[in-house]
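S.K.: Right, I'll just put the structure down here and ask away after.
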Amino acid sequence: MIRFEDVSVTYDGAPEPTVRDIELTVPEGELVLLVGPSGVGKSTLLGAVSGLVPHFTGGTLRGRVTVAGRDTRTHRPRELADVVGTVGQDPLSHFVTDTVEDELAYGMESLGLAPDVMRRRVEETLDLLGLADLRDRPISTLSGGQQQRVAIGSVLTPHPEVLVLDEPTSALDPAAAEEVLAVLQRLVHDLGTTVLMAEHRLERVVQYADRVALLTSPGAPLLLGTPAEVMAVSPVYPPVVALGRLDGWTPLPLTVRDARRRAGDLRNRLRALPYEGPGAPGPVPAPPVGATAPARRPRLFRRRPPGTPVTTAHPAVVTGLAVRRGRTEVLHDVTLSVAPGETVALMGRNGAGKSTLLSALVGLVPPSAGSVRVGGLQPHRTAPGDLIRHVGLVPQEPRDLLYADTVAGECAAADSDAGAGAGTCRALVSELLPGIADDTHPRDLSEGQRLTLALAVVLTARPPLILLDEPTRGLDYAAKSRLVTLLRALAAEGHAIVLATHDVELAAELSHRVVILADGEPVADGPTAEVVVASPSFAPQVTKILSPQKWLTVSQVREALNASGPAAGGARS
Amino acid sequence: MTTSETNGAINCEISGETNSKTNGENTGQEHRAGTPGTPGTPGAPAMRTALPWSRLRAPRATRTNAIHPGAWWIWALGLGTAASRTTNPLLLALLVGVAGYVVAARRTEAPWARSYGAFVKLALAVLGIRLAFAVLLGSPIPGTHTLVTLPELPLPDWAQGIRVGGRVTAEGLVFALYDGLKLATLLICVGAANALANPARLLKSLPGALYEAGVAVVVALTFAPNLIADVQRLRAARRLRGRPDHGLRGLLQVGLPVLEGALERSVALAAAMDARGYGRSAEVPAGVRRTTAALTLGGLVGVCAGTYGLLTAEGGTYGLPVLLTGLAASLGGLWLGGRRSLRTRYRPDSWGVRAWLVAGSGAAVAALIVLYASTDAYAYAALHPGVVPLIAPTLPLWPAAAILLGLLPAFVAPAPAPAPALSDIRTTVKEPS
C-alpha cells in the first residue's frame, strides 16, 4: 500500500539528507509505528507519504514513494487526498471550517461525495469518536483532546486507505488516548485501513503495532521488525520494555498483561526488599530516589547551601478557589497547599481545569471565590515584576515565553526582567543546555531544548514555586529523563514544583503527591504511590505489572535490586 | 468513489443504531418546523400527534431546521431600508429595539454571534462622533436656541465656509442626533444579521465556481480571531516574564512573535488543506473551458456597457437589454465554470416556510415604510420630524405597527437550545486543554 524505494530527502540549505536510503513497504491493513528520538526525520517520512514532502515543504526527494499505486512525484497532495488522510502534530492548524460537523464534512466535500453518503459518514464518525454531543460546537471552544479527535475524524470521513498520524495521542489524557487508539485499532481490523504513525509515548501505542520501524539517528538506515525485536535494540522504549530488559526477559513483553505473566519471579524477589517511596514531602525532602540524579550537583545548585529552604512558609496556598469563565465554573472549591521541596502532579482529563489552576497561581485568571496566596501575595493583584520572584510558569507552548531572536538576547532580557545580575540566565542555560551557541534562534531548538530554555528564563528570578504545564508533550525519552533529572535537582534545592500532566510515567517518576482534578474539583489528593495505585487509568505501567506492590518506576526497582545485591543490572540511563 | 459503497456498508454496521436514532430525532423536529424535507432526512411519516398550538411554537434550533442565512440578511436589510427612510427618533429606537429583541431571543452562543456587541459599540461610537462634529464644526441648520457658545477659531480667507467652534444650537444638535441615530440603526441591523447568520454558511450558498474562493474568504475571516487569541496569549505570557501585560508597549513587543506565529499557522493550514483535497478539479473539455472564459468575460463587458448605458442619458434604449444579456452571459459562465469543481455540499441550509417568514417580515417592514413615505406630505413629515422650529417627534401609528412586523422572527425562528443570557456578551476564552 505504501512503498518507499531508496528514498532520501534533502531540505534546501541542509548539508546532508534528513533521511537516507529508506526502504519500506507497508502492506494493506497494517499498523506500522515509526519510532526514534526527536529530530531523526520521522515527520519527514510521514510527510512524504501524503506528498507534502517535497511538494509543499520544498527540498529534494530522491527515490520513489508510491501510495496505493500512485507515485507522489506525479500526484500532488490534493490528488492523493482520497487515499491518504494526514493529521499533523498541531490539530489547530488543521482546521478549515469553524464547527465540528462542517469540519468532518470538509474533506468529503472536496472529493465530491454524494450528500447522502456524506451525511451518513458524518453521523458514523461522530459516534465512532464520541463527538456526537459536540457536533454544533465551534472548534475554537473545544479542549485539546476534543480537537485531536475532531482532527482524526475529519480525515476518517473520506475513508482513506492510508492514515498518516504524527503524534496522535501526545496531547491527550490517558483515557482519551485509549479511545483514539481503540478507534485506530477498529479501523485497521474492520476496514483494512493502513496506518503509519509516529509517537513518542510508546507505552500507549507499541502493543497496537503490527510492525515497528526504527530510525536511530538522522540519516541512519530504517530498522524494521516486529515490536518485540525492535524494542530489544531501540534507544527509545516504554517502561514495560525497560523492566523486561532490566530483568532479562525474552521475548520482551510489550503489554502489561504479558509482563505480569512473566513478573512472578521478580515480584517474589521484590517482596523481600524494603519499599522506598519517591521522597517524602517536606522542607528538606529526602534525596530523590533515582540514581539518575547527578552525583555531583551542578554549580548552579550549589550556590545556596543545600538544605536551606527557599522560604519557610508554604510557597502556594489555595483555599476554596473557584474560577468562572463566562457562565461555566472551571474550578470549584479547590484547596491545595504546596510545601517547599515538594513536587505535586496535577492530573485529570482534558479540560478538567489543570491549566486554569496553574493560571490562577500566576494571576492570569482572577478567582471568583476563595483565595490564592503565592508567597503570601495575591497573584492577580501583584505587579508582574514582583510576582516572578515568587512563582514562575512554563506554559504548554514554551515558545510563547520567548521573544528574542537569539538565545543570548533572550538571556539578557530575562536578566533585566528579573533584576538579576548580567549573565545569570546565560549561566543557567549553559548548565542546563550545554553546547548551545549564543546566536542560535530559539525557533531552531528542538522541543526539549526550547522547554529547557524557557525553564532557564523562568529560573532566572529564582522563584520558590515553579509551575509546568504539560512539560513532556513532544519530548522523547532521552529529553524526558533529562527533564526529570533537572526537576529533581530543583526540588532537592527546595523549590516547590507543580506539574500539570497527562504523562503518568512522568508523575510517577517525579512527584511526591498527585492531585486528580475532575470537572474543576479535586477528587483525589495524596502521596503518588497511593493515588496512582488506586486508579487504573493513572497507574504507571510498572505499578500495573508489579501490583499489589507499590513500585512506581523502573529506576526505583533497579535501585532496590542493586541495593539488595548484584541480582540484575540494567542499562537504562 | 468505488470504495464508498463497501466502506459505507461496513460502517453502517458499526454504528447503525445511534445513527438511525439521530436521524429519527431530526425528522421529528423537521416536521414540527414545517420545512420541506432536506436531502439528509428522507421524508418519514410524521409520527407525532401534537396539539396544534405546540406544533406552531418555534422548535429547538438544530442544524436541520436552521434558518437560511440569506433569510436573516434579507430581514436585516429590510429593517435597514426602513431605517434609511426615516429620521424619526422614536421609529429608529423602535427599529433598534426590534433588532435587539430578535437577536436576544434567537442568538446562539457561537463566536460569530458575539459580534453583535461590537456592532452596538460601533453604532454608539458613530453617534458620538456625529454629535461631536456638530458641536465642534457647527451645523448648517439655522437655529435660535443657543445652548453654549464655544470660542471660535479664526480661520484664513481660503478656509471660508469652514467654522471651528462658535455657537452650538439645540436645533443643530437635534438634527445631528437624528442623523447619527439613522446611521447607528443601520449598523445595528447589519450587526444583527452578523450575529444571527453564520457567515460561513452564507458562503456555502455561492455558486460552485466561486466556492473555492469562498473557502479562502472564510479562512481569511478566521485569521483575525486567531490573531487576537494569539495576542491575548502572548500578552499573558509577558506577565510570566515579569513585564506589564497591558499597555501599548506590550502590544507592540508581541507584534513580531504574533505575526511569525500567524505566518507559520497559515503555511501549516495551507498544507493541511492541500492534503485534504482543496483545489481538486475535474477534467473538462477544452471547448467548455474556452466557452466559460468567453461567456464570463463577454458577460462582464456587457454588464459594464449596460450599466453605462443606463446611467447616461443617450443610452436609454440599449442600456437595459445589454445589461440583461451581459448578466445572463456571466451567470451562464459561472454555471459552466461550476462543472470544473468537483465539490458537493454537506447539508446546505434549506429555504423553508420559516425562512420565508423571516425574510418576508423584513421585506414587509421595508415595503410598508417606503409605501407610507410616498403616500402624502403629512406622512413624509411624520417620518421626518422638523428641527426648525424644534418640535417633539410623535410616533406615527402605522409605521410603528409596520416595524413591529419585524419581530416575527423572534417567534417563528427555531430557538437556540439554552436561552442565551443578554449579559453574556463577554468573550470567553478557549477551554484549557
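Sequences listed follow chains A and B, in order. Residue 449 in the working numbering is what sits at position 449 of the first sequence, and the numbering runs on without skipping anything. Residue 831 in the working numbering is what sits at position 258 of the second sequence, and the numbering runs on without skipping anything. Note that CB positions come from ideal geometry on N, CA and C, so glycine has one too.
Look at the alpha carbon of A:Gln146 and the alpha carbon of A:Thr328, and state the distance between them as a whole number of angstroms.
M.R.: Approximately 18 Å, taken between the alpha carbons.
S.K.: Which parts of the stretch 46-128 of chain A are runs of the beta strand (DSSP E), unbroken and 3 residues or longer, counting only runs that do not cross its ends?
M.R.: Fully enclosed beta strand (DSSP E) runs of 3 or longer: 60-67 and 84-87.
S.K.: Would you call the stretch 228-235 of chain A and the stretch 207-214 of chain A in contact, with 3 or more CB pairs under 8 Å?
M.R.: These segments touch.
S.K.: Which complete alpha helix (DSSP H) runs does the stretch 666-719 of chain B hold, if anything under 4 residues is left out?
M.R.: Complete alpha helix (DSSP H) runs here, min 4: 688-710.
S.K.: Buried or exposed: which applies to B:Trp648, given that a residue is buried once 16 or more other Cβ atoms fall within 10 Å of its Cβ?
M.R.: Result: buried.
S.K.: Is the stretch 156-168 of chain A close to the stretch 193-210 of chain A, with three or more CB pairs under 8 Å?
M.R.: Touching, yes, given that three or more Cβ pairs across the two stretches are closer than 8 Å.
S.K.: Within a Cβ cutoff of 7 Å, which residues of the same chain sit near A:Thr125, ignoring the five residues on either side of it in sequence?
M.R.: So the list reads Leu104, Gly153, Leu156 and Thr157, once near-sequence residues are dropped.
S.K.: Relative to the C-alpha of A:Arg64, which residue among A:Ala507, A:His75 and A:Thr57 is closest?
M.R.: Out of A:Ala507, A:His75 and A:Thr57, A:His75 has the C-alpha closest to the C-alpha of A:Arg64.
S.K.: How is B:Ala528 classed by DSSP in three states: helix, strand or coil?
M.R.: This structure does not reach residue 528 of chain B, given that chain B is present from 574 up to 1006, and the question cannot be answered.
S.K.: Are the beta-carbon atoms of A:Pro315 and A:Gly494 separated by less than 7 Å?
M.R.: Taking 7 Å as the Cβ cut-off, A:Pro315 and A:Gly494 do not qualify as a contacting pair.
S.K.: May I ask you to verify whether the stretch 414-430 of chain A touches the stretch 4-11 of chain A, counting CB pairs closer than 8 Å and requiring at least 3?
M.R.: Output reads no: the stretch 4-11 of chain A does not touch the stretch 414-430 of chain A.
S.K.: Report the neighbours of B:Gly673 on chain A: residues whose CB is nearer than 7 Å to its CB, in chain order.
M.R.: The contacting residues do not exist; B:Gly673 stays about 20 Å from chain A at best.
S.K.: Would B:Asp730 be called buried (16 or more neighbouring beta carbons within 10 Å of its own) or exposed?
M.R.: Exposed is the call here.
S.K.: Is DSSP giving A:Thr25 helix, strand or coil here?
M.R.: Residue state, collapsed to three classes: strand.
S.K.: May I ask you to report which of helix, strand or coil DSSP gives A:Met1?
M.R.: Coil.
S.K.: So is A:Ala571 buried or exposed if we call it buried at 16+ other beta carbons inside 10 Å?
M.R.: Only weak support is given to the placement of A:Ala571: the predicted model assigns it a pLDDT of 40, under 50, and the question is left unresolved by the model.
S.K.: If you count every other CB in all the chains shown that lies within 10 Å of the CB of A:Gly351, and 16 or more means buried, which is it?
M.R.: Buried, since its Cβ has 16 or more Cβ neighbours within 10 Å.
S.K.: Taking 7 Å as the CB-CB cut-off, is B:Val633 touching chain A?
M.R.: Before going on, a small fix: residue 633 of chain B reads as Arg here, not Val. It does not; no Cβ of chain A falls within 7 Å.
S.K.: With three or more C-beta pairs closer than 8 Å as the rule, is the stretch 350-368 of chain A touching the stretch 788-796 of chain B?
M.R.: Not touching, per the Cβ criterion.
S.K.: Listing by chain order, which chain B residues have their CB less than 9 Å from the CB of A:Val96?
M.R.: Within 9 Å Cβ-Cβ: Val788, Val791, Val792, Thr795, Leu842, Ala845, Met846, Arg849 and Tyr851.
S.K.: Taking the Cβ atom as the reference point for each residue, do B:Leu980 and B:Ala937 lie within a distance shorter than 7 Å?
M.R.: No. Outside cutoff.
S.K.: Name the chain A residues that come within less than 9 Å of B:Gln805, Cβ to Cβ?
M.R.: Within chain A, no residue comes near B:Gln805; the closest Cβ sits about 10 Å away, beyond 9 Å.
S.K.: Classify A:Ala176 as buried or exposed, calling it buried when 16 or more other Cβ atoms lie within 10 Å of its own Cβ.
M.R.: It is buried - the Cβ of A:Ala176 has at least 16 other Cβ atoms within 10 Å.
S.K.: I want to verify the contact list: residues of chain B whose CB lies under 7 Å from the CB of A:Thr66, in sequence order.
M.R.: What A:Thr66 touches in chain B: nothing, since even the nearest Cβ is about 17 Å away.
S.K.: Given a limit of 9 Å on CB to CB distance, which residues of the stretch 910-929 of chain B reach chain D?
M.R.: Protein chains in the displayed structure are A and B, and chain D is not among them.
S.K.: Might you give, ordered along the chain, the residues of its own chain that have their beta carbon closer than 6 Å to the beta carbon of B:Val737, omitting 5 neighbours on each side?
M.R.: Contacts found: Leu726.
S.K.: I'd like to know if A:Asp400 contacts chain B, where contact means its C-beta is closer than 7 Å to some C-beta of that chain.
M.R.: By this cut-off, A:Asp400 is an interface position.
S.K.: Once the 5 residues before and after B:Ala656 are set aside, which same chain residues still bring their CB inside 7 Å of it?
M.R.: Result list for B:Ala656: Leu665, Leu668, Lys755, Thr758, Leu759 and Cys762, in chain order.
S.K.: Where B:Ala952 and B:Ala707 are concerned, what is the direct C-alpha to C-alpha distance, given to the nearest angstrom?
M.R.: Rounded to the nearest angstrom, the two C-alpha atoms are 28 Å apart.
S.K.: Where does B:Glu837 land, buried or exposed, given buried means 16+ other C-beta within 10 angstroms?
M.R.: So B:Glu837 ends up on the exposed side.
S.K.: Pick from A:Glu161, A:Thr356 and A:Gln541: whose alpha carbon is nearest that of A:Pro522?
M.R.: Nearest C-alpha to A:Pro522: A:Thr356.
S.K.: Listed in chain order, which residues of the stretch 968-983 of chain B have Cβ atoms closer than 9 Å to some Cβ of chain A?
M.R.: Listed by position, the residues of the stretch 968-983 of chain B near chain A (Cβ gap below 9 Å) amount to none.
S.K.: Tell me whether A:Ala420 sits in a helix, a strand or coil according to DSSP, three-state version.
M.R.: DSSP places A:Ala420 in coil when its eight states are reduced to three.
S.K.: Please decide whether B:Leu664 counts as near chain A, where near means a Cβ-Cβ distance under 7 Å.
M.R.: Not an interface residue.
S.K.: Are the beta-carbon atoms of A:Ala508 and A:Asp469 separated by less than 7 Å?
M.R.: Going by C-beta atoms, A:Ala508 is not nearer than 7 Å to A:Asp469.
S.K.: Helix, strand or coil: how does DSSP classify A:His332 here?
M.R.: The answer is strand: DSSP assigns A:His332 an E or B state.
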